[in-house]
Structure formats: structure tokens, C-alpha cells
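J.: First to last, the sequence lines map onto chains A and B. Counting from 1, one number per residue, gives the positions in the first sequence under my numbering. Counting from 1001, one number per residue, gives the positions in the second sequence under my numbering. Don't be surprised by glycine CBs; every beta carbon is placed ideally from N, CA and C. Dumping the structure here so I can ask a few things about it.
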Amino acid sequence: MIAVEHLTKSFGKNLVLDDISETIQEGEKVVIIGPSGSGKSTFLRCLNLLEEPTSGTITFEGTVITDPKVDIDTIRRQMGMVFQHFNLFPNMTIRKNITLAPVRTKLMSQAEADEEAVRLLRRVNLEDKADAYPNQLSGGQKQRIAIVRALAMKPKVMLFDEPTSALDPEMVGEVLDVMKELANEGMTMVVVTHEMGFAREVGSRVLFMDGGHILEQNEPHAFFANPREERTREFLSKVL
Amino acid sequence: MGFTQLYETFSALEHPGFWQNAYIQFYNAWFYKDRWTMYFDGLLTTLEVTVMALALGVVLGVVVAMIRTAHDQQRLGKRNPFLSVVNFLCRIYVTVIRGTPMMVQLLIMGLVIFASNRNKTLIGALSLGINSGAYVAEIIRGGLMSLDPGQMEAGRSLGLGYFDTMRFIVIPQAFKAILPALGNEFITLLKDTSLINVIGGKEIVYFAKAIITNTYQPMMPYLITAVMYLIMVLIFTWLQSKLERRLRQSDRR
């Protein structure tokens, strides 16, 4: 579904991603872990071109999206993204947050989008918040809304950039539950996270990144049971 | 007792007291020969110039801010050469306008560039608008830059285009943030209209000076002018705070 070939990204002289090649199949739940500064967020943000790769190609469903001639907006409509800091639009109600993009991109009429918003909000048990503003919600609620907002575009893949890192510990669970449910429905997911429990339980594959490389990857149980690389063992010993 | 009778009574005194004297001066500056209408003629010009300069300043400011922001937000490695040139011109404009005094700009516009043009009010409005545009541009640019980049990213990640994201997400939030600074700029602009009398613009100060030429008493005409400006600014400040309160709706928790 997503094919990354020889992806390199540098900020000035700082090489963040060093010649990464990786393929993500439909239905996979890829969990990316690694120390901060390892390039995992940058890698994720390159997938929908929020970061412009310095070199290399990214192909999404047969389209080379790194080609400057590609209309990136139509590609992004098929790739939902959830951010660490939620990035809800504070100037709009929750309903408007969810329906703005589907309506503006002509995916749905306003009536259809409103209906979809109610359905999605019910799913995360927040239907009573439709007319609230983001500032009136807790962090966990905001992140669930952010997930729902991305889902309203009916994406083929969901990218999660440390979705629980900015949350109070007791709110992490409610967000992870929504993500697990999504995984069970067969959504293709790429998740950058520090939640090792989630990686083990939900992931179909774990990538360990360090220094701009994918050092090691494996099916989660094997990955956590027998990490092959010394660096991976060192990292896991600190976080587990 | 009417104003005129009071004036005549005080004038007949051999040694009028401070307040009596002040009243005599006020009468000369305001009632005598219906001079008060002159202030309102000036006020009309002041409002006219303010509105014209405001419109021009906002248009210029928005255009320049959009160009500069779009230039700074281009995807790396895809610099549009046309945008770079326009951006450079915008930077020169802002630098020159902010680097020279309003009064000097007005003198150059009125007495050098448009020396032969008789419509000094229009030239005054033009100068003020060009001046204000540079400040408005920087205020708007600051507002756009100060917004969390995550807002733009969230909009774009949903598949909204640059202009849709600007229109629905970035600009409404930036507008709320810059409103106090914008209000300040508009008040400055309103008060700067008092400068256009130096090139012959017929606003309030121009008529105040004309009255002083007849009475040789500068206190009252200038005090009246000051009060008129103060009232205008108070009205504007009140309107602005009403608007700010309305825009604060989404901040409630």
C-alpha cells in the first residue's frame, strides 16, 4: 500500500532519515518505536509529505506521491493523521471540526457529514460534545475527537504521531481503546508511540528506529522477547 | 442668559478672571461667526481621509502579508521565482515606510511627487494608506506566524488546500489574535490624519490654525481639536472591545 524507497531527510546539515526503504501492506498495524531524535516522527510525517523528503520516493497505492506534479491534497484525503498535540481547530465547534474537511473537499454534503459526525461521535461516546468547543474538552476527549475527525474523511490508512504522549496518564487508556477498536476493524495503521503494551498487543509489526535508520523489525512478540540488536536491548531495558 | 450675552458681559469687564477669560477665548474659538462649523468641516475631511487610508492600508497590508507568508511557507526546494521577486519588493516597501517618518513621507508625497496636484486631501489619504499598509502587513504577518504550525498541518493533513486552510482555520484565529494590535494601528492612523495640514489638507487642525490666525488665541482651538480626536478614539475603542468580546466566544471553557 505504501512503499518507501531510499528515503532521506535532512534539516540543514542534520541528517534525520538515512536511506530508509520500507513497505507497508494493506491491513498492517506498523508500530514505530525508538528513542527521541531517532527520526520516527519525521519518517511518519514524510509518509503524507508534511515533511518534504530530501531524496527518495514514496509510493501510495501505485502513485509516486513525491513527484511534484502529484496533487498532494487528494492523496492526503486518503491518509488520516493524528497528532501528539491534537491540533483541533479551536475556532470551531466539534461538529464543525469533523465536518469541515469532508464538506469542503466535496466528499459529502453538509447533511451527510453531520450525520457521519454524529455516528462517529457516538462511537467514541462523545455525541453530547458536538456543539462544544475544543477548549472545553479534556486531553483524552480532544484526541478521540481528533481521531474521529481524521476518520470522517474515510481514509485508507491512519498515521498516528505519538497520540498519547501529551495526555495525562489516566486518559491514555481511552485513546488506546479507540485505536484498538480501529485496528480490529482492519484499518491500516502506522503508529509512532512509546506505549510498549499497545505495540505488543495491537501491532502486527514493530519497527525500531535509531539514528535515522530502521535498526530492527519483527513481529511484536518475537521483537520484545528476543531483540537481536544490542541497541534495541538497551532501549527496551530502559522503557519496559 | 445666552452665550452671546455672557460673552458681552465678560468682555465689558476691565479685569476678567481666569474662567471668565477662558470663556471669552472659547466664545471666540467656537461661537463667534459660527466658527464651530469649521471644526465639523475639518472633521468630515478627517473621517474621509481615515476611511480612505484605512481601506487602502488594509488592502495593501493583506496583500503584502499574504505574499510574504506564502513565500516563507513554500515547500523547500520549490521556490517560485516570481514569488521571490514580489516578496523582495514587499520587503523594500515595508523597510522604507517603517524606516522614515510619517511627516517626511507626507511632505515628499504632497510637495515633491504630487507637487502640482491640488487635491491635497486625496494625497494625504494616499500617503497615510501607504504608510498604514506597511504596519498592517507586519501585524498580519506576525499573527499568521504566531499561530501554532500544527493548525496548518492539521488542515493540510485532512486534504484541505492551502487557501481553504488559510480561510477557515488560520485566518479566523490569526484575526482574533491581531485585533488589539490592529486597533492600535487604526487609532494611530486616525490621529495621523492631523498631519495632512502640512501639505494643505483641510482637516481639523487646518481650521483650528485658521481660527487662531484671526484670534491670536491658540489655547481653545487646539483644546477643541484634542477633545474631538479623543471622542473619536473613544468611540472606536468601544466598538473594538465589542468586536473582541464577540470573537472570544470560542474561548469559553
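Hey, A1215/B and A1029/B: beta-carbon distance below 9 Å or not?
T.: Residue identity differs from the one stated: residue 1215/B is Thr in this sequence, not Ala. Taking 9 Å as the Cβ cut-off, T1215/B and A1029/B qualify as a contacting pair.
J.: Look at the alpha carbon of L207/A and the alpha carbon of K40/A, and state the distance between them as a whole number of angstroms.
T.: 9 Å
J.: Whose C-alpha, out of V118/A, M171/A and V157/A, is nearest the C-alpha of K142/A?
T.: M171/A
J.: Are the beta-carbon atoms of T1100/B and E1203/B separated by less than 9 Å?
T.: Cβ distance not < 9 Å, so T1100/B and E1203/B don't count as in contact.
J.: Please tell me whether L1043/B and M1220/B are closer than 9 Å, where the distance is taken between their beta carbons.
T.: no
J.: Can you tell me whether M189/A is helix, strand or coil according to DSSP?
T.: strand
J.: What do you reckon, are the CB atoms on A1154/B and L88/A nearer than 9 Å?
T.: Yes, the pair counts as a contact, with Cβ atoms nearer than the cut-off.
J.: Mind checking if Q78/A is an interface residue toward chain B, Cβ cutoff 9 Å exclusive?
T.: yes
J.: Tell me whether K96/A sits in a helix, a strand or coil according to DSSP, three-state version.
T.: Secondary structure at K96/A: helix, using DSSP grouped into helix, strand and coil.
J.: Measure the alpha-carbon distance for V1233/B versus I1123/B and round it to whole angstroms.
T.: 23 Å
J.: What do you reckon, are the CB atoms on L1107/B and V1205/B nearer than 9 Å?
T.: no
J.: Measuring only the C-alpha atoms, how far is G211/A from L17/A?
T.: 8 Å
J.: Check the Cβ of D1072/B against every Cβ in chain A and list those closer than 9 Å, keeping chain order.
T.: Correct list: empty, because the minimum Cβ distance to chain A is about 15 Å.
J.: With a 10 Å radius around its C-beta and 16 neighbouring C-beta atoms as the bar for buried, classify Q110/A as buried or exposed.
T.: exposed
J.: Under 8 Å, CB to CB, which of the residues in the region 1216-1245 of chain B have a partner in chain A?
T.: none
J.: Could you check which residue in G1057/B, F1175/B and Y1027/B has the C-alpha nearest to that of N1131/B?
T.: By alpha-carbon distance to N1131/B, the top candidate from G1057/B, F1175/B and Y1027/B is G1057/B.
J.: For the region 1166-1182 of chain B, enumerate the residues whose C-beta is nearer than 8 Å to any C-beta of chain A, in chain order.
T.: F1168, I1169, P1172, Q1173 and K1176
J.: Which value, in whole angstroms, describes the spacing of the CA atoms of D1238/B and G1143/B?
T.: Note on identity: in this sequence residue 1238/B is Trp, with Asp being the wrong assignment. Taking the straight line from one Cα to the other gives about 22 Å.
J.: Between the beta-carbon of S165/A and the beta-carbon of T188/A, is there less than 9 Å?
T.: no
J.: Helix, strand or coil: how does DSSP classify F967/B here?
T.: In this structure chain B extends from 1001 to 1253, so residue 967/B is not present and cannot be described.
J.: Taking Cβ positions, are A1137/B and V1063/B nearer each other than 9 Å?
T.: yes
J.: With distances taken between CB atoms, is the gap from N125/A to K1176/B smaller than 9 Å?
T.: no
J.: Any contact between the region 71-80 of chain A and the region 1155-1163 of chain B? By contact I mean 3 or more CB pairs, one from each, below 8 Å.
T.: yes
J.: Taking only the alpha-carbon atoms, compute the straight-line gap between E185/A and I1067/B and give it to the nearest angstrom.
T.: 45 Å
J.: Assuming V202/A contacts K29/A (C-beta within less than 8 Å), just tell me the rounded distance between them.
T.: 6 Å
J.: Check distances from the C-beta atoms of the region 81-97 of chain A to those of chain B and list, in chain order, the residues that come in under 7 Å.
T.: M81, F83, H85, N87, F89, P90 and N91
J.: Using a beta-carbon distance cut-off of less than 7 Å, what residues from the region 1125-1140 of chain B approach chain A?
T.: none
J.: Between L100/A and chain B, is there a C-beta pair that is closer than 9 Å?
T.: yes
J.: Thinking just about the alpha-carbon of each residue, which of S138/A, D168/A, V118/A and F160/A is nearest to the one in A242/A?
T.: Nothing in the structure corresponds to residue 242/A, since chain A is present only between 1 and 240.
J.: Checking contacts by CB at 9 Å: is R1156/B closer than that to chain A?
T.: yes
J.: Are there 16 or more other CB atoms within 10 angstroms of the CB of N135/A, so buried, or fewer, so exposed?
T.: exposed
J.: Which residue's Cα is closest to the Cα of M79/A: E195/A, E5/A and L159/A?
T.: L159/A
J.: I need the boundaries of the alpha helix (DSSP H) containing L1190/B, first residue and last residue.
T.: I1171 to D1192
J.: Could you run through the region 1016-1042 of chain B and flag, in chain order, every residue whose CB is less than 8 Å away from some CB of chain A?
T.: none
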